[in-house]
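Chains as they are written, first to last, in numbering that gives the first Met the number 0: chain A, 0 to 133; chain B, 0 to 133.
Even glycine gets a Cβ: it sits at the ideal position worked out from N, Cα and C.
2 protein chains.
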Amino acid sequence: MRASSVEQAILETLSKEHSHLTSLQVFEEIRGRLPAVNQSTVYRALERLVEQGVVSVSDMGTHAAVYELLTDGRHHHLVCQKCRRVMTIGHEDVQSFFNAIQEKNHFQIVTNHLILFGICDNCQENVENSRAEK
Amino acid sequence: MRASSVEQAILETLSKEHSHLTSLQVFEEIRGRLPAVNQSTVYRALERLVEQGVVSVSDMGTHAAVYELLTDGRHHHLVCQKCRRVMTIGHEDVQSFFNAIQEKNHFQIVTNHLILFGICDNCQENVENSRAEK
DNA sequence: ACGTATAATGCAAATCTTTGCATATGCAAA
DNA sequence: TTTGCATATGCAAAGATTTGCATTATACGT
Ligand SMILES: [Zn+2]
Ligand SMILES: [Zn+2]
Ligand SMILES: [Zn+2]
Ligand SMILES: [Zn+2]
Numbered sequence: 000m001r002a003s004s005v006e007q008a009i010l011e012t013l014s015k016e017h018s019h020l021t022s023l024q025v026f027e028e029i030r031g032r033l034p035a036v037n038q039s040t041v042y043r044a045l046e047r048l049v050e051q052g053v054v055s056v057s058d059m060g061t062h063a064a065v066y067e068l069l070t071d072g073r074h075h076h077l078v079c080q081k082c083r084r085v086m087t088i089g090h091e092d093v094q095s096f097f098n099a100i101q102e103k104n105h106f107q108i109v110t111n112h113l114i115l116f117g118i119c120d121n122c123q124e125n126v127e128n129s130r131a132e133k
Numbered sequence: 000m001r002a003s004s005v006e007q008a009i010l011e012t013l014s015k016e017h018s019h020l021t022s023l024q025v026f027e028e029i030r031g032r033l034p035a036v037n038q039s040t041v042y043r044a045l046e047r048l049v050e051q052g053v054v055s056v057s058d059m060g061t062h063a064a065v066y067e068l069l070t071d072g073r074h075h076h077l078v079c080q081k082c083r084r085v086m087t088i089g090h091e092d093v094q095s096f097f098n099a100i101q102e103k104n105h106f107q108i109v110t111n112h113l114i115l116f117g118i119c120d121n122c123q124e125n126v127e128n129s130r131a132e133k
């Protein structure tokens, strides 16, 4: 199975933008080159790329899934639920956890772009401050 | 902030069913008691319960978010992408990982129902078998 | 090149979820 | 009780994603 033209266009878009893009953003970006392309085709092509492990798909708390190229080193994210700040963590900080889970459960983890939600340091301070003010 | 009647009904449904339910399943369940309730109201009530940390919401690979009561001990899941099998792991197996991430990044993790995708032991064997057959 | 099988695409409809706005409801102060 | 405010709800529309089906493009063996 060869990479379809839409897959090709998606891959180039993702490597050029080098960030988390929604399906709509990808769609609008590749329209320039493939004017007749349909949104469902983009969804299906993205799905195939995700299945191949070339692209990650994640819910980062915005109300649309985001896609990212996975060629460069694996990474993961911490997303602040207060200010929406996105922090990046390397796979080294996750590796040993994944290994332990895999061994204990005889389960081969495929998840490649972990998203953990919480409160960033700034927002934690703000909570403390607003408490102190009372 | 008062507990709305819809929240109340949702909580009772979730504690009775004691499993991962979609918004639609919750909706249809509470219709018996609140016949005029609207689906968007259910979505909003679920959203509030999630924000309060009483209920978890997760994408488990089915194409609809699932909600679960969090009163009993925290747990997480491994979901097989081949056969859809859902395995449960205790929070003890995740705790130290979360702690390390929190300390290193000064980030307070709120994620309370982690979903890791991968391949279960059965399906790993099947892959090996089909390889051997060739 | 030809015919066939497989995979990709477009299109429209279905499904899932969010959102804006008007109304209704519960709570508390007056 | 009445008033005022904050929150919850219904409704409809918008937005996001999936799916069924017919058509087209591609690969592969002849
Ligand atoms: Zn990323
Ligand atoms: Zn923050
Ligand atoms: Zn669960
Ligand atoms: Zn499996």
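| Query | Result |
| --- | --- |
| Integer Cβ distance of B:L77 from A:F106, believed to fall under 8 Å | 5 Å |
| Sub-7 Å separation of A:S22 and A:Y42 beta-carbons | yes |
| N-terminal and C-terminal residue of the beta strand (DSSP E) that B:L115 is part of | 114-118 |
| Cβ-Cβ separation, A:Q80 to B:V109 (assumed contact under 8 Å), whole Å | 6 Å |
| Contact test: A:V121 Cβ vs ligand 2 heavy atom, cutoff 6 Å | For the sequence presented, residue 121 of chain A should be read as Asn rather than Val. Within the cutoff, so yes. |
| Distance cut-off 6 Å: B:R83 Cβ against heavy atoms of ligand 2 | no |
| DSSP-derived helix/strand/coil call for A:Q51 | coil |
| Alpha carbon of A:S95 to alpha carbon of B:F97, nearest angstrom | 12 Å |
| A:Q80: contacting residues in chain B (beta-carbon distance under 7 Å) | V109 |
| Secondary structure of A:E132, DSSP reduced to three states | Confidence is the limiting factor: at A:E132 the pLDDT is only 45, short of 50, which leaves the residue's position unreliable, though a coordinate-based value still follows. Helix, per DSSP. |
| Cβ-based burial, A:A63 [other Cβ within 10 Å; buried from 16] | exposed |
| is_contact[A:L45, chain B] using C-beta, thresh 7 Å | no |
| Beta strand (DSSP E) runs contained entirely in the stretch 0-83 of chain A, provided each spans 3 or more residues | 54-57, 65-68, 74-79 |
| Burial state of A:A8 (16 or more Cβ within 10 Å) | buried |
| Among A:Y66, A:Q38, A:V36, A:N37, nearest to A:L10 - alpha-carbon criterion | A:Y66 |
| Rounded straight-line distance, which links the Cα of B:I88 to that of A:K103 | 10 Å |
| Residues bridged to B:Q94 [DSSP beta-bridge criterion] | Partner(s): none; B:Q94 has no beta bridge. |
| B:C79: CB within 6 Å of a non-hydrogen atom of ligand 4 | yes |
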